[in-house]
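What follows is a short report on a single structure.
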Amino acid sequence: MALAYPGWRFDGAMCLLTFHFVPREKRVPMAAEIWRRLKPGAPLVVAASGAGDRDLWLSRYAAFLAAVQLGAGQGGCGAGCVDA
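Going from the sequence shown to the working numbering is simple: count from 1 and add 70.
Here it is, written out as C-alpha coordinates:
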(Lines of atoms letter the chains of each structure in order from A; the text may use other names.)
(Lines give C-alpha, C1' and ligand atoms only; values in the text may rest on other atoms or scores of the structure.)
Protein backbone atom coordinates (compact mmCIF):
# COMPACT_ATOMS: atom_id res chain seq x y z
CA MET A 71 0.00 0.00 0.00
CA ALA A 72 1.77 3.13 -1.21
CA LEU A 73 1.20 6.54 0.29
CA ALA A 74 1.23 9.84 -1.55
CA TYR A 75 4.29 12.09 -1.41
CA PRO A 76 7.00 9.55 -2.27
CA GLY A 77 10.24 10.15 -0.44
CA TRP A 78 8.73 12.40 2.22
CA ARG A 79 9.28 11.65 5.92
CA PHE A 80 6.80 12.91 8.49
CA ASP A 81 7.13 14.33 12.02
CA GLY A 82 4.13 12.34 13.22
CA ALA A 83 0.95 10.63 12.12
CA MET A 84 -2.54 9.98 13.46
CA CYS A 85 -4.89 7.27 12.31
CA LEU A 86 -8.14 7.92 14.13
CA LEU A 87 -11.04 5.49 13.84
CA THR A 88 -10.11 4.27 10.37
CA PHE A 89 -8.41 0.90 10.84
CA HIS A 90 -11.72 -0.89 11.39
CA PHE A 91 -12.80 0.17 7.87
CA VAL A 92 -9.70 -1.42 6.29
CA PRO A 93 -9.88 -5.15 5.46
CA ARG A 94 -8.07 -7.19 8.11
CA GLU A 95 -5.44 -8.51 5.69
CA LYS A 96 -4.43 -4.94 4.76
CA ARG A 97 -4.15 -3.47 8.27
CA VAL A 98 -0.62 -4.64 9.08
CA PRO A 99 0.83 -3.58 5.70
CA MET A 100 -0.91 -0.20 6.04
CA ALA A 101 0.47 0.37 9.56
CA ALA A 102 3.94 -0.74 8.43
CA GLU A 103 3.91 1.75 5.55
CA ILE A 104 2.81 4.59 7.81
CA TRP A 105 5.51 3.68 10.34
CA ARG A 106 8.16 3.42 7.60
CA ARG A 107 7.40 6.96 6.44
CA LEU A 108 7.84 8.53 9.90
CA LYS A 109 11.05 10.25 10.94
CA PRO A 110 12.99 8.33 13.64
CA GLY A 111 11.31 8.83 17.00
CA ALA A 112 8.18 10.40 15.49
CA PRO A 113 4.88 9.52 17.20
CA LEU A 114 2.18 7.40 15.62
CA VAL A 115 -1.23 7.73 17.30
CA VAL A 116 -3.83 5.08 16.49
CA ALA A 117 -7.38 4.91 17.82
CA ALA A 118 -9.42 1.93 16.69
CA SER A 119 -12.88 0.65 17.39
CA GLY A 120 -14.14 -2.88 17.65
CA ALA A 121 -16.28 -4.21 14.80
CA GLY A 122 -19.36 -4.20 17.04
CA ASP A 123 -19.01 -0.45 17.61
CA ARG A 124 -18.98 0.53 13.91
CA ASP A 125 -22.60 1.72 13.74
CA LEU A 126 -22.24 3.64 17.00
CA TRP A 127 -19.15 5.49 15.77
CA LEU A 128 -20.72 6.22 12.37
CA SER A 129 -23.81 7.71 14.02
CA ARG A 130 -21.66 9.87 16.31
CA TYR A 131 -19.55 10.99 13.35
CA ALA A 132 -22.67 11.90 11.38
CA ALA A 133 -23.94 13.94 14.33
CA PHE A 134 -20.56 15.69 14.62
CA LEU A 135 -20.57 16.58 10.91
CA ALA A 136 -24.11 17.93 11.16
CA ALA A 137 -23.09 20.10 14.12
CA VAL A 138 -20.03 21.44 12.32
CA GLN A 139 -22.04 22.24 9.20
CA LEU A 140 -24.64 24.02 11.32
CA GLY A 141 -21.95 26.08 13.02
CA ALA A 142 -20.21 26.90 9.74
CA GLY A 143 -23.39 28.57 8.54
CA GLN A 144 -23.47 30.70 11.70
CA GLY A 145 -19.81 31.71 11.62
CA GLY A 146 -18.98 29.66 14.72
CA CYS A 147 -17.34 26.33 15.26
CA GLY A 148 -20.63 24.44 15.56
CA ALA A 149 -22.65 22.84 18.33
CA GLY A 150 -20.62 20.94 20.85
CA CYS A 151 -17.36 22.85 20.51
CA VAL A 152 -15.99 25.94 22.20
CA ASP A 153 -14.50 28.93 20.42
CA ALA A 154 -11.16 29.89 21.94
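No residue lacks a Cβ here, since even glycine has one placed at the ideal position from N, Cα and C. These figures come from a predicted structure and were not determined experimentally.
- Query: Counting only runs that start and end within the stretch 85-123, where is the alpha helix (DSSP H) found for 4 or more residues in a row?
  - Reply: 94-106
- Are R130 and L108 close, meaning C-beta to C-beta below 8 Å? no
- Item | Sequence-distant residues of the same chain with beta carbon closer than 6 Å to C85, five excluded per side | V116
- Query: According to DSSP, is A74 helix, strand or coil?
  - Reply: Three-state DSSP puts A74 in coil, outside helix and strand.
- Report the residue from V92, P113 and A137 whose alpha carbon sits nearest the alpha carbon of A83. P113
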